[in-house]
Structures are given as structure tokens and as C-alpha cells.
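> Letter by letter, the sequence shown follows residues 21 to 152 in this note's numbering.
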Amino acid sequence: MKTFLLQFFTWWNSQTLGTRFHTWRFGKKVGEDEAGNVYYEGGIDSEGRTRRWVIYRDYSEASKIPPGWHGWMHHRVDTPPSSESYKAREWQKPHRPNLTGTPGAYRPQGSILTNQHRPQVTGDYDAWTPGS
């Protein structure tokens, strides 16, 4: 019952009822990634290509799609990673989720959101004043 209510009232939890119905009606399961996201294809989009979509295991966050599946989702490759032995190249970094809004987010030096103190102003800056 909880899953039904989450799908009915929210769009960010896995899938909506409309997506569930569309997947049931037109979707053909293509594969699943290591995070538990399930990938589907079926139907034709407005550009005449096969429509592809993902049902996230948890929250809907586009940065949760690994590089191999990202290429397939955006029609860069025709073969999904589940049909081939995809291995990341040695120069590719491991997948990291989007950390925006979390304590692990990037905060540059001098940001008011860090626990560091801002450097002291040196006096080499003159503020603009009207008429000067």
C-alpha cells in the first residue's frame, strides 16, 4: 500500500502510476545495472527512434545511471551493456552519485558553507561608489 501511495502522489520515488502502466503495456525489459535500476525500451519516439527509459530502484536521479547504460539510453550505442561484456576503461573513474545538497558536495575555498574561515581582506580592493 505504501508503494502505491508513493507512486500515486510523488514522481521522484522510482516510478509513477503512468510510467508503470506504460511499462506494462509497451515496455520490454532490456537489463539491469549494478545499482538495481531496470532499463526498458519499446515504442517509437517523436524522432523515429526506439523509446528507452529507466525505472530507478530508489529516488529518481539521473546521475545514478552508470556510463555504459548512459550511452545506451542516449542512443550513442545500439547494444545495451547487458548484451555485451562492458568493462570500464582504465582511465575512467568509478561512478559517483550527484552530491549536490549533501554534506559531501563541493564547496570551494572561501565559501560560506565550509567550516573554514575566509581569508582576511588585504585592502587591495576598492569598492565602487556612485559618482567616482
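Cβ atoms here follow ideal geometry from the backbone N, Cα and C, with glycine treated the same way.
Go through the stretch 39 to 101 residue by residue and report every complete run of the alpha helix (DSSP H) that reaches 4 residues or more, in order.
List check, alpha helix (DSSP H) in window: 87 to 93.
> My output table needs one value for S103: the three-state DSSP class, helix, strand or coil.
DSSP places S103 in helix when its eight states are reduced to three.
> Examine the Cβ distances between the stretch 49 to 66 and the stretch 83 to 93 and report whether three or more of them are shorter than 8 angstroms.
Result yes; three or more Cβ-Cβ pairs closer than 8 angstroms.
> For my contact list, I64 and R71 are in at a C-beta cut-off of 8 angstroms; report their separation, rounded to the angstrom.
Rounded, the Cβ-Cβ distance is 6 angstroms, consistent with contact.
> Please go through the same chain and pick out, in chain order, the residues whose beta-carbon is closer than 6 angstroms to the beta-carbon of P100, but skip the five residues on each side of it.
Taken in chain order, the residues that qualify are V50, G51 and W92.
> Quick check: the Cα distance between G121 and H90, rounded to an integer number of angstroms?
When rounded, the distance between both Cα atoms is 23 angstroms.
> According to the neighbour-count rule (16 or more other Cβ atoms, all chains shown, within 10 Å of its Cβ), is D53 buried or exposed?
That one is buried.
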